[in-house]
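Protein chains in written order, with my numbering: chain A, 1 to 249; chain B, 1001 to 1348.
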């Protein structure tokens, strides 16, 4: 099997040039796909299909990454009154929670944007998240994903870290489902072996395909402090909270 | 790129004045760099005396010419110093202004959804800004304007929303001008869409991108609202983030959307208002009114507004993917606006 490292260089040029045809630019990063996970034509269709998944239908808070490709899902979830848990961009200000009923009718699209989440959602600590009950569903965007559910390319490490933090506070378990939203051009139709710490997904949802990954072989995560040492990422609020020990509410 | 980017690996986090150091393993030239930077920043703004000669600096720091040069080169690369062959090494005042004010601004700024508190990349909203909104809303120039230019600064989002609610047309550049100039029409929008349309994330969903022809056919703007990194009491404007107010002003002038008498209003926190005598360059933007939360300041003497452009910085190929911006720049290059007029009249 190829490793993601081999495939990344092989596939990235092709994927990004295909993506540029269907993607929407970011307000600040323009077309620099290395800085953000782009929204694309058909992301609203992806969101509709995710909402019909059993793990979504179970109810409760949905964790959604701060990607542009997941914005449509945020808007639809908000419209249905589903509470959302999200991280800030780059996790720099930790987690945000948007409670049901916070957003008045007509403002769902606004609240779903990153600018909007900063206005409507409230910062939450890991302690507060752990008091909120288990998460049945996590949804992430991605730069690229292999047919066996291994995400690769720019930015995928953030979700790995989010999974690790949520694992350490016990709000996710073996039953939690992870869904990756991508455009068809971002799916690599070969199986890749991830690294130990990679978090493979259960579902790959594109505008035209809902791909279920049988036995992705995922384990609960743990924060790899040795990799974070000295980096700015180690200073984000939830990691500082983990370092001193999450204080029970 | 500003030194803040050194500590902003993830595009976020508070900028630190000093990188924290362990005792060993710090290159000597970095220590000299830090000391030189501190020295430069401690000299009052506007003091344009050159740095001491290299031989003197070598003696002061007790280092070889090679080590000193390495530190100096880094400061030149960061645009804090410039070398004028035969004349000496000088401080780039505009960079110094930015570094000074950014350090103050992070104390009162509100984070951006992506840049967080890395204020070198954007013009932030700030504590007390709501009091600026009220002052601007009360200004006749603003109240009477049917069409307004408002920069895509976070600090101006509420005013963009206010302008839309009042049915005005709003000309707003996309962030960094990367996707051109937009026109939002408050008289032709659903009220419920306005809060989203006032944000950077939302504006393009409700706006028309202005072509060259559109720009030329548009009515002149009644007022220009902009944020800044800093403004002096004389009205000298130091633009911030990835925006190019100088270029935006030049575009407005070139297309007849603004004239030298068009009111330019800068909205800033009081920590961004500088009471110093910094000499303006011929293309530095000028504000007629500076609105801070504590009140408005009208420059005593009117600085001349630029009608040219720092052309070398804006040649096509500096990242403008909109063809018409490149076309516009080419067009401007072939007209008188491309030449650099000498500043006339009084220095201040």
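Here a beta-carbon is modelled for each residue, glycine too, at the ideal position from N, C-alpha and C.
- The beta carbon of residue 1079 of chain B lies closer than 7 Å to those of 1092, 1095 in the same chain, with the five residues before and after it left out.
- At least one beta carbon of chain A lies nearer than 7 Å to the beta carbon of residue 1178 of chain B.
- Taking residue 105 of chain A as reference, the option from B/1192, B/1272, B/1271, B/1301 with the minimal CA-CA separation is B/1192.
- Within the same chain, and ignoring the five residues on either side of residue 1272 of chain B in sequence, the residues whose Cβ sits closer than 6 Å to its Cβ are 1101, 1230.
- By alpha-carbon distance to residue 34 of chain A, the top candidate from A/52, A/112, A/122, A/152 is A/152.
- When Cβ pairs closer than 8 Å are counted between the two stretches, the region 138 to 152 of chain A is seen to touch the region 54 to 73 of chain A, the count reaching three or more.
- Here the C-alpha atom of residue 170 of chain A lies approximately 24 Å from the C-alpha atom of residue 142 of chain A.
- Residues of chain A whose Cβ lies closer than 8 Å to the Cβ of residue 1196 of chain B are, in chain order, 107, 109, 110, 113, 116.
- In terms of Cβ geometry, residue 185 of chain A and residue 19 of chain A form a close pair [threshold 7 Å].
- Rounded to whole angstroms, the gap between the alpha carbons of residue 1110 of chain B and residue 1252 of chain B is 29 Å.
- Residue-level contact by beta carbon fails for residue 56 of chain A and chain B, as no gap is shorter than 7 Å.
- Contact with chain B is found for residue 89 of chain A, since one of that chain's Cβ atoms lies less than 7 Å from the residue's Cβ.
- Taking residue 114 of chain A as the centre and dropping the five residues before and after it, the same chain places the C-beta of 66, 89 closer than 7 Å to its C-beta, in chain order.
- For residue 1116 of chain B, the C-beta contacts it makes with chain A under 9 Å involve 88, 89, 90, 92, 93, in order along the chain.
- Listed along chain B, the residues sitting closer than 7 Å to residue 27 of chain A by beta-carbon distance are 1175, 1200, 1201.
- Contact annotation: the region 1134 to 1151 of chain B touches the region 1256 to 1265 of chain B, with at least three C-beta pairs closer than 8 Å.
- The distance from the Cβ of residue 1149 of chain B to that of residue 1221 of chain B is about 4 Å, consistent with a contact at the 8 Å cut-off.
- Here residue 237 of chain A carries a helix assignment [DSSP, helix/strand/coil].
- Ranked by Cα distance from residue 1061 of chain B, the options B/1202, B/1029, B/1259, B/1131 are led by B/1029.
- About 4 Å separates the CB atoms of residue 1198 of chain B and residue 1160 of chain B; that is less than 8 Å, so the two are in contact.
- One alpha carbon belongs to residue 1205 of chain B, the other to residue 1235 of chain B, and they sit about 34 Å apart.
- In chain A, no part has a C-beta under 7 Å from the C-beta of residue 1151 of chain B; the shortest such distance is about 14 Å.
- Beta-bridge pairing by DSSP links residue 1169 of chain B to B/1147, B/1185.
- Annotated three-state conformation of residue 1061 of chain B is helix, per DSSP.
- Burial check for residue 1056 of chain B: the Cβ neighbour count within 10 Å stays below 16, so the residue is exposed.
- When Cβ-Cβ separations below 7 Å define contact, residue 1163 of chain B makes no contact with chain A.
- Under a criterion of Cβ atoms nearer than 8 Å, the residues of chain A adjacent to residue 1192 of chain B are, in order, 106, 107.
- Scanning chain A for C-beta atoms nearer than 9 Å to the C-beta of residue 1111 of chain B yields 88, 92, 93, 118, reported in chain order.
- Sequence-distant partners of residue 48 of chain A (beyond 5 residues in either direction) whose C-beta falls short of 8 Å from its own C-beta, in its chain, are 76.
- Within the DSSP bridge table, the entry for residue 180 of chain A names A/140, A/204 as partners.
- Short of 7 Å from the beta carbon of residue 1128 of chain B, and not among the five residues preceding or following it, lie these beta carbons of its own chain, in chain order: 1269, 1293.
- Nearest in C-alpha terms to residue 69 of chain A, of all of A/194, A/229, A/24, A/116, is A/24.
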